[in-house]
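Chains as they are written, first to last, in our numbering: chain A, 226 to 472; chain B, 5 to 821.
All C-beta atoms, glycine included, are put in the ideal place defined by N, C-alpha and C.
So the structure is just underneath, and the comments pick up after that.
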Amino acid sequence: MGFWGKLIGRGAGWESAQENCAATDMAKQRCCDSSLGLAGTRVGTLGSAASAAGTLCALLALLIWAASVQAQSQNGLFYASSDAPLYAQASDQVAEARITPGTELKPTGSASAGLQPVTLDGWMQEGSTTTLFAAAGQRIVVARLTDPSAQPKVLSSITDPYGNVWHETQLAGFVPGADLVPDQETVWAAAHALFSKRCSACHALHHPTEFTANQWPTILKTMTKNAALQPDQAELVTRYLQAHAKP
Amino acid sequence: MTTETKGADLSKEGIRTVSRREMIELSGAALAATLVPGLAAASEEKTVLTATHWGVVEAVTRDGRLVKALPFAKDANPTRMITALADAVHSHSRISYPMVRKGFLKDGAAGDRSLRGRDEFVRVSWDQALDLVAGELKRVKEKYGNAAIFPGSVDWQSAGLLHSAATLTRRMLVLHGGFTDDTGDPSIAAAMVILPHVVGDLEVYDQQTAWPMILEHANTVVLWGCCMVKNDQIGTHPPDHYAYGALAQLRTKAASGKIKVISIDPRVTDTAQYLGAHWIAPRPNTDTALMLALMHTLYTENLYDKAFLAKYAFGFDKFLPYLTGQADGTPKTPEWAAKITEIDPGTIRELARSLAGGRTMLISGYAIQRADHGEQPYWALVTLAAMLGQIGLPGGGFGFSYHYDNGGSLTAKAPGIVGISSGDNPSKSVLPFERVADMLLHPNTPFDYNGQKMTYPDIKMIYWAGGNPLTHLWNTSKVIEAWRRPETIVVADPFWTPTARFADIALPATTNFERNDVELSGAYSQRFIVAMHKAVEPVAESRNDYDIMAGIAKRLGFEDKFTEGKSEVDWLRSFYVQAQQAAKPMGLQMPDFDTFWSGPGYIEFPIPDDAKDYVKHADFRDDPVKNPLGTPSGKIEIFSPTIAGFNYDDCPPHPTWLEPTEWLGGAQAETYPLHIVSPHPQYRLHSQLDNTVLRHAYEIGGREPIWINTEDAKARGIPQGAVVRVFNARGSVLAGALVTARIRRGVVMLQEGAWYDPDRPGEPDAMCKHGLINVLTIDKGTSKLAQGNIANTTLVQVERYKEPLPAITAFTPPKNA
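So this is what it looks like as structure tokens:
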């Protein structure tokens, strides 16, 4: 498989690439610690890095992009690598929803013209027309509807112990292949590296299990400015913490 | 009891003018030269900008000595405490060289640990000291595992994003393979566990509703155990002192009758004095009972907001039977509360009607949750606010951080700046911080914490940097016993603090004035990024914590990973550049690092016009489905099914009055009839600056002042200024009596942080000659939920001390030092 093959592999490979990037040179740091999350498409912005490691990162990003479009996921599922648009139709220019990093998506066919058809399952609370959560009562945002005319499919409804009504909802559409990875650990490893670096300066690094999935978002909102996180970085770290939170 | 206090200038009670002679004698010619005109020497003065926990300051040096710290031009309300900073840097209480306890040098970990605190110290070279420390870290790791190493270090250290003693210690220990870390801190241990359950948020370290919203919209402001005048002088990041401008405006509004200010506190705080607040003085630790009675009145007189509770709260129906007495046969009426609080029922009813009669802002300090069952008053306060129904309205609801980091300041449009990271601790061993002594005394025993069953690790080595646990841990005699358990104790500090005296290895660290660093100013506002320019060379043989850690890292084989090959300025540049990059997409242009560093030395970020309109919880109020709270229900949980599931006898599933383990209404009050409270000091940052000339401005008889009510003093034959003995079953201290009507009967106050000065060093039952409160406090958790400290739950007796007064030796370094 060689050097490049190893890098395309699983979370550990990405982590070592991150470490590599986080070594002695500022340019390296900039490339891997930027506000770009994992998205490989914005290669142009990385192009300004002059150092060898900056070039390494750019190459890496290209490879991830190339790999992700072609990759067959191990369990047949895909995961959003960063904030990703969902288009109702392949020909649409305007997204119907934005999907959050790490969110699980089921392919419903093969990719074509760089777009992957998927469905996304989630739960919406009665009274909200915009937010899909991972589970009823678990406010892990998986997608936000941006099209007011969107008509997501409702599969079932329940009432929780607090009297809140939840609707099991399915979205279907197309996501750019460039925004998908076959392995969720890839996303979490990048999130963890960011969390570890930014969130252990003022205090000890907290364990994700210290708070519940419901508690983490508000706590992150307080901490975002202290950690100088950009909005998309904050989102990535929040999803990561929620995915590994106290049950 | 209640009284009206007249509006007054910032209180000078307890402060006397330091005489010119004292200044010259005690602080050295250099300091005297600056304070006594005419003695100034002819050599050249240099000034550089730097920053401290007291604010951004100009450091003035002459001939390589720090002469004084002057306020930053942009600090409209600097604290008087900065006049002592130069004295601290050149204090004779500095640790000058690395030193090792004689017994430890001779016998190592096998020696007699009861000698800690009273042994002689032997000077060693840095190489020797670092060899010793690294050797111990290696030995302990190999013999016992990484979880046997404990850094503690949740203290205030010194300001600076690179030279952060606690972070650097953790960074080194992470690379060494891990350590037992701690969670929580002594300020907010109960709050940080209960509030996420109740409102899904930390609250205590959050930016608050902007002061202008309170000034414009509130009719009533309640200060519940809260003194902004005192506490907003200092900040975790250099403070912007925003609060003082707001308080000046509040004073005007209070004087004109536009806003009613009520201070609920056992004493008249400086803030209450300044604002002319209405004073209500319940017995300490009875706040929950008072709040319940207020709620009962709101309920029975139909003054509560049913619609708000239905839409925004969960579980009121499960709490109501407790409130009305339907559940336990005891209605929580004002009459019921009067017996507990000693506040007249009529006053309680009037207060409830007053709160409901307009827009009310309930502001609490941290004091009421640093008491037995400290989770309850915070839960009750949120419930009271929920019943008033004004949470999320401008100038309404509750706030827990106006006294801390100048909450309520205007938030700037700023990128934020982050310092050096410590990284991932490979060890998963963690301790709720308050339980340090129990951990050391009862290793491998189980305990409860926030729904989990945990086990105390077995600690063999302590490396404490930038902190003073022998002053802030509770029940000193127990701490000294506990401190005898580890095999090795290393302390890194600029000063011979009580903690350094109990070390096996004492390493001299620099202060922020002796190194370069960078900070942000205004922890919440983030209004400035500040260059901290080195003002003077390291005093004696002191070294930066960074260099101490790098030296240890080198010996343990991971220096490269620790330093990442970066010099001090490389690190500072990297933090700055990261902020610069974050600033760009925000449309903010920051100059390059060199221009920033060698120019004015600070960047000021703009305050958006709408910063003054910020209302915490407004988005939740606006749309609780779109902006839910981080609780299981998404709402305020007056009843918590999660906590119910824990089945804790000392933390029921809704706000509950639980009798404290010691209090004026209990049996122990017959032996110890005075309740002692210990707020944060007025003229220190905890214990910092007690070793400076500043203490002569407030000490009485050379000791920490104890506030005692006029009647209580008279009954004991204690005149103003007398030295008294304060004691209970746990120990005794000497203090100087400040006899005053500003504290209610039955309550005395010793501010925390006075340096421990034992008459028999090293002995657990030594008397403290100087007035450290923790000789008297209890070491017990608030409940199984948060295991927070209960410092404000302590009963004592006070008597005039008639023996010859022992000399104060706390600030004299050990022999040979």
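Nearest to B/Pro765 by CA position, among B/Thr480, B/Gln755, B/Asp623, B/Tyr687, is which residue?
-> Nearest of B/Thr480, B/Gln755, B/Asp623, B/Tyr687 to B/Pro765, Cα basis: B/Thr480.
Does any residue of chain B bring its CB to less than 7 Å from the CB of A/Thr443?
-> Chain B, which has a Cβ nearer than 7 Å to the Cβ of A/Thr443, makes this yes.
Counting only beta-carbon atoms, is B/Pro473 nearer than 7 Å to chain A?
-> no
Name the residue from B/Gly400, B/Ala441, B/Thr51 whose alpha carbon lies nearest to the alpha carbon of B/Ala360.
-> With distances taken between Cα atoms, B/Ala360 lies closest to B/Gly400.
What did DSSP end up calling B/Trp478 once you bin it into helix, strand or coil?
-> coil
Pull up the distance between the alpha-carbon of B/Ala170 and that of B/Val440, whole angstroms please.
-> 16 Å
Kindly indicate which three-state DSSP category B/Met176 falls into: helix, strand or coil?
-> Helix, per DSSP.
For the candidate residues B/Gly280, B/Val226, B/Pro242, whose alpha-carbon lies nearest to that of B/Ala252?
-> The candidate whose alpha carbon is nearest that of B/Ala252 is B/Gly280.
Note down, in chain order, every chain A residue with its Cβ under 9 Å from the Cβ of B/Asp409.
-> Within chain A, no residue comes near B/Asp409; the closest Cβ sits about 11 Å away, beyond 9 Å.
Can you give the beta carbon distance from B/Met365 to B/Ala507, rounded, assuming they're within the 8 Å contact cut?
-> Contact between B/Met365 and B/Ala507 does not hold, since the beta-carbon distance rounds to 46 Å and is not under 8 Å.
Could you tell me which uninterrupted alpha helix (DSSP H) segments, each at least 4 residues in length, are contained entirely in the stretch 353 to 439 of chain A, listed from first to last along the chain?
-> Listed in chain order, they are 409 to 423.
May I have the straight-line CA-CA distance separating B/Ala375 from B/Ala193, to the nearest angstrom?
-> 11 Å
Cβ shell of B/Glu124 (< 8 Å), same chain only, five flanking positions each side left out = Arg105, Lys106, Pro818, Lys819, Asn820
Residues from the stretch 578 to 592 of chain B in contact with chain A, defined by Cβ distance under 8 Å = For the stretch 578 to 592 of chain B, the beta-carbon criterion of a distance under 8 Å to any beta-carbon of chain A is satisfied by Ser578, Val581, Gln582, Ala583, Gln585, Ala586, Pro589.
Check whether the Cβ of A/Ser353 lies closer than 7 Å to any Cβ atom in chain B.
-> yes
Say whether chain B places a C-beta atom closer than 7 Å to the C-beta of A/Pro456.
-> no
Verify whether the separation of the beta carbon atoms of A/Lys471 and A/Thr443 is less than 7 Å.
-> In this structure, A/Thr443 does not lie closer than 7 Å to A/Lys471 by Cβ.
Reduced DSSP secondary structure (H/G/I, E/B, other) of B/Val730 | strand
Beta-carbon proximity of B/Leu141 to B/His94, cut-off 7 Å = no
To which residues does DSSP link B/Ser736 through a beta bridge?
-> B/Phe731
Does any CB atom of chain B fall closer than 7 Å to the CB of A/Tyr387?
-> yes
Give the secondary structure of B/Trp500 by DSSP, where H, G and I count as helix, E and B as strand, and everything else as coil.
-> coil
Where does B/Val272 fall in DSSP's three states?
-> coil
Taking three-plus beta-carbon pairs below 8 Å as touching, is the stretch 340 to 353 of chain A in contact with the stretch 382 to 396 of chain A?
-> yes
Measure the C-alpha to C-alpha separation of B/Asp462 and A/Leu454 and round it to an integer number of angstroms.
-> 37 Å
Okay, do the stretch 365 to 377 of chain A and the stretch 417 to 427 of chain A touch, 3+ Cβ pairs below 8 Å being the bar?
-> no
Limits of the beta strand (DSSP E) - the one that B/Ser358 falls within | Premise fails: B/Ser358 lies in the alpha helix (DSSP H), 349 to 360, not in any beta strand (DSSP E).
Can you tell me whether B/Met590 is buried or exposed, with buried defined as 16 or more other CB within 10 angstroms of its CB?
-> Answer is exposed; the Cβ neighbour count stays below 16.
Please state if the CB of B/Tyr528 and the CB of B/Gly411 are separated by a distance shorter than 7 Å.
-> yes
Can you list the residues of chain B that A/Thr447 reaches, using a CB-CB cut of under 9 Å?
-> Asp205, Leu206, Glu207, Tyr209, Asp210, Gln211
B/Ala701 versus B/Met85 - alpha carbon distance = 11 Å
If we count the other Cβ atoms within 10 Å of its Cβ and call it buried at 16 or more, is A/Ala309 buried or exposed?
-> Buried is the call here.
Runs of alpha helix (DSSP H) wholly within the stretch 153 to 208 of chain B (minimum 4 residues, chain order) = 169 to 179, 193 to 203
Where does A/Glu351 sit, in a helix, a strand or coil, going by DSSP?
-> coil
So the alpha helix (DSSP H) B/Trp58 belongs to, where does it begin and stop?
-> Where B/Trp58 is concerned, there is no enclosing alpha helix (DSSP H), given that its DSSP letter is neither H nor E.
Contact the stretch 622 to 636 of chain B vs the stretch 326 to 342 of chain B: 3+ CB pairs below 8 Å | no
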